[in-house]
Amino acid sequence: MKKLFLLIFLFPVFSVLAQEKEVLTKLDAKADFYGDLARQIWSNPELGYLETKSSQLLQKTLSDAGFKVTAGVAGIPTAFVAEYGSGKPVIGIMAEFDALPGVSQEAVSFRKPVVVGGAGHACGHHLFGAASVAAGISVMDWMKANKIKGTVRVYGTPAEEGGGGKVYMARAGLIQDVDAMLHWHPSSQNAAGATSSLANISTKFRFYGEASHAAAAPERGKSALDAVEAMNFMVNLMREHVPMQTRMHYVITRGGEAPNVVPAFAESYHYVRHPDALVVQQIFDRMVKAAEGAALGTQTRMEYEVINGVYNLLPNETLARIMHKNLEKIGGVTYSPEEKKFAEEIIKTYPAGVKASPEDATKIAPFVVSEEGGGGSTDVGDISWLVPTVGLGTATWVPGTSAHTWQAVAAGGMSIGQKGMMVAAKTLTLTAMDIFTNPSVTGQALQELNTRRGEGFSYKALVGDRTAPLDYRK
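Take 190 as the starting number for the sequence shown in my numbering and just add one per residue.
The following block contains the structure:
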């Protein structure tokens, strides 16, 4: 009788383990298929809101697998939502696929652009999109095989790199019924903690003056470039008088046409970041005042356009502990001898003082809970303030690699990137399975979300009511 009771008690455990093993085995069998999917996107890097071929490829893969795909959502041609199932819980998986300008690189361990000045996947979003699609299809197949109730969605989210695609998708109400949103990001390490990021507002300041011959009649000119430089000087002086965690950076995108012509138009592109979105807004308001002062002092006219604005990531420990457990179950990335040699060559290209080892790719970082934003910014932040959200990073790059570098592009275009991508796909899949089989988790995650964002929270996009900047990379 005791033995029978034990068997009855253990049967669900054995069943879950068997299902997990089957799912992971199927993912391993399709690793080359998804690797090729990622490689196709890597080989044709497309900038934000221009990712036509990349988006269509991911959509077709999902549609062929059995998802219902809705394209062109939120007024964005390359955004899509792919759905399978019905009812609750609703589990979302986000997929990115935009590249970065100016970081073209072959999959080799030394600097060698494919196209000089061309785009490249220096943030690994080709892997991001492919792994999320792999996870979505894997979860769908598991749901079919085991008659699991609920809905799985894959969200195709364009223009993460400064275009804020997720902000407009959220504002359009596309995520309002989601119970848990999953995401991941390429990295140089494996980690699934409950951590944050920096809120960010990015803006183009445009100044309009009057052209004139810079030698024959300079007194008739009103230099828009002078206004840009005056603004930038004042913003740089602000650095002494902002909270220490603030990050401000800019480029001059238009500075005039010729030295002997007083520039009638000039433009600078500014970012301001901080762990708190409210602080970002306050600093941004001061930046606008500096621009107004620069225009007044140079007798030019100023206008500005908020290109992007994103919240800081809101951690969700409830979901993150589940994801961390699954990441530990999957394990890190183990290199072949050829991959290890590639990694060692890449490490030699790092600046002095950066310490890394190929073996670091096998490690899983300890679980961390922190609301202190660090590193960059992401439009996942807005999602995380609206629905319980969890993410991870996996070692798709050689340990020690910084994002937005040629080294990241290189590793992302070869087998190291594919191995890290499959770690992410497996971890996302197991995490979604855990949530589907234990729906009470979503209630706990929502309660934590409500506690963290505070009573009376009302979401207001930092981009205001503007439409998606579909031309920001043109």
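A virtual CB, placed ideally from N, CA and C, is assigned to each residue, including glycine.
message: Comparing C-alpha positions only, which one of Val270, Ala600, Phe454 and Cys312 sits nearest to Ala532?
response: Ala600
task: Determine the extent of the alpha helix (DSSP H) in which Phe556 is found, giving its start and end residues.
output: That residue, Phe556, is in no alpha helix (DSSP H); it is neither H nor E in DSSP.
- request: My understanding is that Val522 touches Ala550, with C-beta atoms under 8 Å, so please give their C-beta distance in whole angstroms.
  value: 4 Å
- prompt: Going straight from the alpha carbon of Glu560 to that of Ala359, what length do you get?
  reply: 22 Å
query: Can the beta-carbon of Ser673 be found less than 8 Å from the beta-carbon of Val417?
result: Because residue 673 is not part of the residues shown, which for the chain are 190 to 663, the question remains open.
task: Could you pull the start and end residues of the alpha helix (DSSP H) that Ile441 belongs to?
output: Segment Arg436 to Arg443 is the beta strand (DSSP E) holding Ile441; no alpha helix (DSSP H) there.
- prompt: If we ignore side chains and look at the alpha-carbon of each, how far apart do Arg662 and Gly237 end up?
  reply: 6 Å
message: Please return the same chain residues whose Cβ sits closer than 7 Å to the Cβ of Ser604, not counting the five positions on each side in sequence.
response: Glu528
Which listed residue (Asn379, Lys333, Val297 and Ser243) has its alpha carbon closest to that of Gly318: Ser243
message: If I measure Cβ to Cβ from Leu247 and keep anything under 7 Å in the same chain, skipping five residues before and after, which residues do I get?
response: Ala284, Phe286, Gly318, Val322 and Gly345
Bounding residues of the alpha helix (DSSP H) (the contiguous stretch that carries Met427): Ala413 to Met427
Per DSSP, the bridge partner or partners of Glu492: Arg395
task: Look at the Cβ atom of Ala613, then the Cβ atom of Leu581, and state whether they are nearer than 8 Å.
output: yes
query: Since Trp595 sits in a beta bridge, which residues does DSSP pair it with?
result: The partner list for Trp595 (beta bridge, DSSP) is empty, contrary to what the question assumes.
Segments of 4+ residues assigned as alpha helix (DSSP H) that fall wholly inside the region 202-264: 220-232 and 241-254
task: Name, in chain order, the residues that DSSP records as bridge partners for Asn497.
output: Ser391
task: For Met427, collect the residues of the same chain with a Cβ closer than 8 Å to its Cβ; drop the 5 residues on either side in sequence, then sort them by chain order.
output: Met437, Ile472, Arg475, Met476 and Ala479
query: Which term fits Gly609, buried or exposed, when burial requires 16 or more other beta carbons within 10 angstroms of its beta carbon?
result: buried
For Val450: DSSP bridge partner residues: His402
field: Buried or exposed by the 16-neighbour rule on C-beta atoms within 10 Å, applied to Tyr648
entry: exposed
- request: Specify the secondary structure class of Thr618 as computed by DSSP and reduced to three states.
  value: helix
Boundaries of the alpha helix (DSSP H) in which Val328 is found, first to last residue: His314 to Asn335
- prompt: Going by beta carbon distance, what residues of the same chain come within less than 7 Å of Val652, once the five residues before and after it are set aside?
  reply: Gly353, Val356, Val495, Asn497 and Gly498
Assigned secondary structure, Asn379 (DSSP; H/G/I helix, E/B strand, else coil): strand
task: Consult DSSP for Ser155 and reduce its assignment to one of helix, strand or coil.
output: The first residue shown for the chain is 190 and the last is 663, placing residue 155 beyond what the model contains.
- request: Tell me, to the nearest whole angstrom, how far the beta carbon of Ala271 is from that of Gly339; I am working on the premise that it is less than 8 Å.
  value: With a Cβ gap of about 15 Å, Ala271 and Gly339 do not count as contacting.
query: What number of angstroms, rounded off, separates the C-alpha of Ile282 from the C-alpha of Arg342?
result: 6 Å
query: Tell me the DSSP bridge mates of Gly309?
result: Leu289
Alpha-carbon to alpha-carbon, Ser386 and Leu467: 14 Å
message: Under DSSP, the beta strand (DSSP E) around Ala584 begins and ends at which residues?
response: Thr578 to Ala584
message: DSSP three-state label for Phe200, please.
response: Because Phe200 sits at a pLDDT of 48, beneath the cut-off of 50, its placement in the model cannot be relied upon, and the point is left open.
field: Own chain partners of His374 with C-beta closer than 6 Å, once the 5 adjacent residues on each side are dropped
entry: Gly582
message: Less than 8 Å between the beta carbons of Ser327 and Thr618, yes or no?
response: yes
- request: Could you tell me if Met433 is buried or exposed, where buried requires 16 or more neighbouring beta carbons within 10 angstroms of its beta carbon?
  value: exposed
task: Consult DSSP for Leu363 and reduce its assignment to one of helix, strand or coil.
output: coil
task: Could you say which of Val279, Phe396, Gly520 and Ala308 lies nearest to Ile624 if we only look at CA atoms?
output: Val279
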